[in-house]
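Notes for the one structure printed next.
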Amino acid sequence: MTHPLWWQTGVIYQIYPRSFQDSNGDGVGDLPGILARLDYMVSLGVDAVWLSPIFPSPMADFGYDIADYTGIHPLFGTMADFDRLLAEAHARGLKVILDLVPNHTSDQHPWFQESRASRDNPKRDWYFWRDPAPDGGPPNNWLSFFGGPAWTYDEATGQYYLHQFVKEQPELNYRNPAVLQAMLDAMRFWLDRGVDGFRVDVIWLMAKDPLFRDEPPNPDYQPGEPGINSLIHLYTQDLPEVHDLIRAMRGVLNEYDERMMVGEIYLPYDRLVGYYGTNMDECHLPFNFQLILSQWNATAIRTLINSYEAALPATGWPNWVLGNHDQSRIATRVGRDQARVATMMLLTLRGTPTCYYGDELGMLDVDIPYEKMQDPSGLNQPGVVGASRDPERTPMQWDASPNAGFCPPAVEPWLPLADDYPTVNVAAQAQDVRSMLSLFRQLTALRRAMPAFSVGGYASVDAGNPQVVAYERQAGAERYLVALNFSAEAQAVVLDTEAAQAEVVLSTHLDRLGVEPLTNLQLRANEGVILRL
Ligand code: GLC
Numbered sequence: 018m019t020h021p022l023w024w025q026t027g028v029i030y031q032i033y034p035r036s037f038q039d040s041n042g043d044g045v046g047d048l049p050g051i052l053a054r055l056d057y058m059v060s061l062g063v064d065a066v067w068l069s070p071i072f073p074s075p076m077a078d079f080g081y082d083i084a085d086y087t088g089i090h091p092l093f094g095t096m097a098d099f100d101r102l103l104a105e106a107h108a109r110g111l112k113v114i115l116d117l118v119p120n121h122t123s124d125q126h127p128w129f130q131e132s133r134a135s136r137d138n139p140k141r142d143w144y145f146w147r148d149p150a151p152d153g154g155p156p157n158n159w160l161s162f163f164g165g166p167a168w169t170y171d172e173a174t175g176q177y178y179l180h181q182f183v184k185e186q187p188e189l190n191y192r193n194p195a196v197l198q199a200m201l202d203a204m205r206f207w208l209d210r211g212v213d214g215f216r217v218d219v220i221w222l223m224a225k226d227p228l229f230r231d232e233p234p235n236p237d238y239q240p241g242e243p244g245i246n247s248l249i250h251l252y253t254q255d256l257p258e259v260h261d262l263i264r265a266m267r268g269v270l271n272e273y274d275e276r277m278m279v280g281e282i283y284l285p286y287d288r289l290v291g292y293y294g295t296n297m298d299e300c301h302l303p304f305n306f307q308l309i310l311s312q313w314n315a316t317a318i319r320t321l322i323n324s325y326e327a328a329l330p331a332t333g334w335p336n337w338v339l340g341n342h343d344q345s346r347i348a349t350r351v352g353r354d355q356a357r358v359a360t361m362m363l364l365t366l367r368g369t370p371t372c373y374y375g376d377e378l379g380m381l382d383v384d385i386p387y388e389k390m391q392d393p394s395g396l397n398q399p400g401v402v403g404a405s406r407d408p409e410r411t412p413m414q415w416d417a418s419p420n421a422g423f424c425p426p427a428v429e430p431w432l433p434l435a436d437d438y439p440t441v442n443v444a445a446q447a448q449d450v451r452s453m454l455s456l457f458r459q460l461t462a463l464r465r466a467m468p469a470f471s472v473g474g475y476a477s478v479d480a481g482n483p484q485v486v487a488y489e490r491q492a493g494a495e496r497y498l499v500a501l502n503f504s505a506e507a508q509a510v511v512l513d514t515e516a517a518q519a520e521v522v523l524s525t526h527l528d529r530l531g532v533e534p535l536t537n538l539q540l541r542a543n544e545g546v547i548l549r550l
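Shown next, in the form of structure tokens:
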């Protein structure tokens, strides 16, 4: 590596725009709202902001169904608002990452409108159209992530079209080279405006089996799980051809300075690392979601960190994620006390951390009754636990005023707020030197000040206690030890090091500094500490 780049040293903060800050009193967040909160992001010590989709969309999947790749949805503001947000973010040293959704469009996109108009329309094969099976049913057994078949019959032309999400999200056919060119043009549109990169939606699904073969059943499928898990996705996921598409996208990014892409890919490490590209010519960062998917205990996490480190290609830059807009929040998954340990780990492991808005406060999933449910994944799969993603998408908790400062008191926010917002909010935690927010800020400050954490080496350390994950980060003469207690009981750490003692730089409890013996380091329940060696 010549010099570290912003997406390597920086911390990425994900905003779900509908839920961050409403500025015009419609109960939905918007771009001027985000603009008004840029100083908050600076105060968090993050370096880049990823915005979930802000483009024109009928909102069948809350913006992941795009009707125009080069516009701004009026709900979020105007192109002038976007340009202002970008300029103001840049003025504060913040990068802006947009969400690119190349796998599918909205059914209202003009491309699909043309495609469905007739069988001989020039855009017909921009999408996947197939004749019905002999019995009149779908052409094969492929399934939608949101329940039911991945095919919908179109009366007008007597064929089925493919959609692995809702039926309003028809999938683009990248075997037609014009489709790829159109998507690369959309990328250039935003790069020319100054956007710093893209998070690329479901990038590992972009290629499909040309023979449209049935997928085999998954023998491990348990009833009650989402239906999509009942098949093994040999013919819809991680196909070799997807790498050609990603290389073409990377080529566009390479036409510009220091732009990046982070790909959404849910795959085990041996397959995930292929998305860096054989010649490091694909994703700058293939999202590493294993901390979201893993069992939460020291043994499992230690194993996964070490297997990730081992699987990474020599020049592949690591990254870590604890949550996003599709997954139950970390504080709900592991509890608020343990979430502090998770946050210390996220911000001290080797690689780029991505933080989901509100996790810096320990925001919890919010139970949304079926009548208030918005997410099509939940609405289409009643009874499937965790199918709805509304719980992790609730409004940001800014202060104790009615509606938490997210929208005006008299307005109903698009999703209900958490009941705990009068105490769990930015304003309250900013005043509390031991809050989760204070911990987050201290961790980002430490990361910024000490190259050991941003660009330093990583080495696993035996803590002499199975409940503790420990590792060293080091750059030049700077060496730090991180010791994380994954249990809700006190644990003793016995380190086999030359140094007898070391200085505590930070505890997740934010209440201790000073020198501690390394041969008998006492960690309290759910405590993580950073020591300078
Ligand atoms: C990705 C997004 C998710 C969306 C889906 C379809 O998984 O993160 O929110 O529903 O793609 O675009």
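Using our numbering, you'd call the opening residue of the sequence shown number 18 and step up by one each time. Glycine included, C-beta positions come from ideal geometry on N, C-alpha and C. Predicted model only: the values in this text are computed from it and were never measured.
Below 7 angstroms CB to CB, which residues in the same chain sit around residue i once its five sequence neighbours on both sides are set aside?
{"i": "M390", "result": "L396, S405 and D407"}
{"i": "Y273", "result": "L208"}
{"i": "H20", "result": "none"}
{"i": "R42", "result": "It should be pointed out that residue 42 corresponds to Gly in this sequence rather than to Arg. Same-chain partners within the cutoff: C424, P425 and V428."}
{"i": "R205", "result": "V269"}
{"i": "Q508", "result": "N482, Q484, V485, N502 and L540"}
{"i": "D298", "result": "R264 and R267"}
{"i": "N537", "result": "A509 and V511"}
{"i": "L115", "result": "L68, W207, V212 and F215"}
What does a CB cutoff of less than 8 angstroms around residue i pick up in its chain, not counting 5 residues either side in sequence?
{"i": "P156", "result": "R147, D148, P149, A150, W168, Y177 and F229"}
{"i": "T253", "result": "W159, A167, Q181, L222, K225, D226 and E232"}
{"i": "V532", "result": "Q518, A519, E520 and V521"}
{"i": "D354", "result": "A505, A542 and N543"}
{"i": "V183", "result": "A77, D78, D82, S161, F163, P393 and N397"}
{"i": "A516", "result": "L535 and L550"}
{"i": "L366", "result": "I322, P335, W337, Y475 and Y488"}
{"i": "N138", "result": "E131 and S132"}
Hey, out of the options, whose CA is closest to residue i's CA?
{"i": "V212", "options": "G164, L68 and L92", "result": "L68"}
{"i": "Q491", "options": "Q31, C424, G294 and M467", "result": "M467"}
{"i": "F37", "options": "D513, G400, R288 and C424", "result": "C424"}
{"i": "A435", "options": "L454, W415, D449 and D298", "result": "W415"}
{"i": "L111", "options": "H90, D78, A84 and V63", "result": "V63"}
{"i": "D202", "options": "P399, A265 and R192", "result": "A265"}
{"i": "L456", "options": "E495, L512, S60 and V259", "result": "S60"}
{"i": "E258", "options": "A315, Q239 and L197", "result": "L197"}
{"i": "G400", "options": "P240, H260, A327 and Q446", "result": "P240"}
{"i": "A327", "options": "A348, G352 and P285", "result": "P285"}
{"i": "I71", "options": "L55, G88, A65 and F145", "result": "G88"}
{"i": "L189", "options": "W143, V279 and G175", "result": "W143"}
{"i": "G175", "options": "R529, N193, M200 and S135", "result": "S135"}
Once the 5 residues before and after residue i are set aside, which same chain residues still bring their CB inside 6 angstroms of it?
{"i": "M18", "result": "In this predicted model, M18 has a pLDDT of only 47, less than 50, meaning its place in the structure is not dependable; the value taken from the coordinates is given anyway. Around M18: no qualifying Cβ."}
{"i": "L117", "result": "F215 and V217"}
{"i": "L321", "result": "Q307 and S311"}
{"i": "R141", "result": "S132"}
{"i": "V219", "result": "N120 and E281"}
{"i": "P73", "result": "A84, D85, G88 and H90"}
Would you call the CB atoms of residue i and residue j closer than 7 angstroms?
{"i": "R549", "j": "Y497", "result": "yes"}
{"i": "L432", "j": "T411", "result": "yes"}
{"i": "L339", "j": "A359", "result": "yes"}
{"i": "L501", "j": "M277", "result": "no"}
{"i": "Y374", "j": "I51", "result": "no"}
{"i": "L364", "j": "Q459", "result": "no"}
{"i": "P75", "j": "Q25", "result": "no"}
{"i": "C300", "j": "Y30", "result": "no"}
{"i": "W337", "j": "G368", "result": "yes"}
{"i": "N271", "j": "I249", "result": "no"}
{"i": "I309", "j": "Q344", "result": "yes"}
{"i": "D85", "j": "Q186", "result": "no"}
{"i": "G244", "j": "G164", "result": "yes"}
{"i": "D255", "j": "R288", "result": "yes"}
{"i": "A106", "j": "L55", "result": "yes"}
So, under 8 angstroms CB-CB, residue i and residue j are touching, yes? Tell me the CB distance rounded to an integer number of Å.
{"i": "R357", "j": "T525", "result": "4 angstroms"}
{"i": "V499", "j": "A487", "result": "7 angstroms"}
{"i": "V428", "j": "G44", "result": "5 angstroms"}
{"i": "D47", "j": "F99", "result": "11 angstroms between Cβ atoms; not a contact."}
{"i": "N305", "j": "P335", "result": "7 angstroms"}
{"i": "N420", "j": "P430", "result": "6 angstroms"}
Inset, instruction - Run through the stretch 132-196 for me and flag every whole beta strand (DSSP E) of 3 or more residues, listed as ranges in chain order. - result: Under the rule that a run must span 3 or more residues, the beta strand (DSSP E) segments found entirely inside the stretch 132-196 read 168-171 and 176-179.
Legend entry - Contiguous alpha helix (DSSP H) assignments of at least 4 residues, all confined to the stretch 330-410: Counting only runs that start and end inside the stretch 330-410, the alpha helix (DSSP H) elements of at least 4 residues fall at 347-351, 353-363 and 393-396.
Inset, instruction - Starting from the N-terminal side, write out each stretch of the beta strand (DSSP E) that is 3 residues or longer and does not extend beyond the stretch 192-236. - result: The beta strand (DSSP E) runs of length 3 or more contained entirely in the stretch 192-236 are, from start to end of the chain, 214-217.
Inset, instruction - Ignoring anything shorter than 3 residues or poking outside the stretch 52-128, list the beta strand (DSSP E) runs there in chain order. - result: Unbroken beta strand (DSSP E) runs of no fewer than 3 residues, entirely contained in the stretch 52-128, are found at 65-68 and 112-117, following chain order.
Inset, instruction - Can you check the stretch 439-478 for any beta strand (DSSP E) of at least 3 residues that lies completely inside it and give the ranges in chain order? - result: Given a length threshold of 3 residues, each whole run of the beta strand (DSSP E) inside the stretch 439-478 is given here in chain order: 474-478.
Inset, instruction - Report the residue ranges of all alpha helix (DSSP H) runs contained in full by the stretch 284-312; include only those spanning at least 4 residues, in chain order. - result: Runs of the alpha helix (DSSP H) spanning 4 or more residues and lying entirely within the stretch 284-312 occur at 286-289 and 307-310, in chain order.
Inset, instruction - Could you pull out every unbroken beta strand (DSSP E) segment of at least 3 residues lying fully inside the stretch 477-524, listed in chain order? - result: With a minimum length of 3 residues, the continuous beta strand (DSSP E) runs that stay inside the stretch 477-524 are 485-492, 495-502, 508-510 and 518-524.
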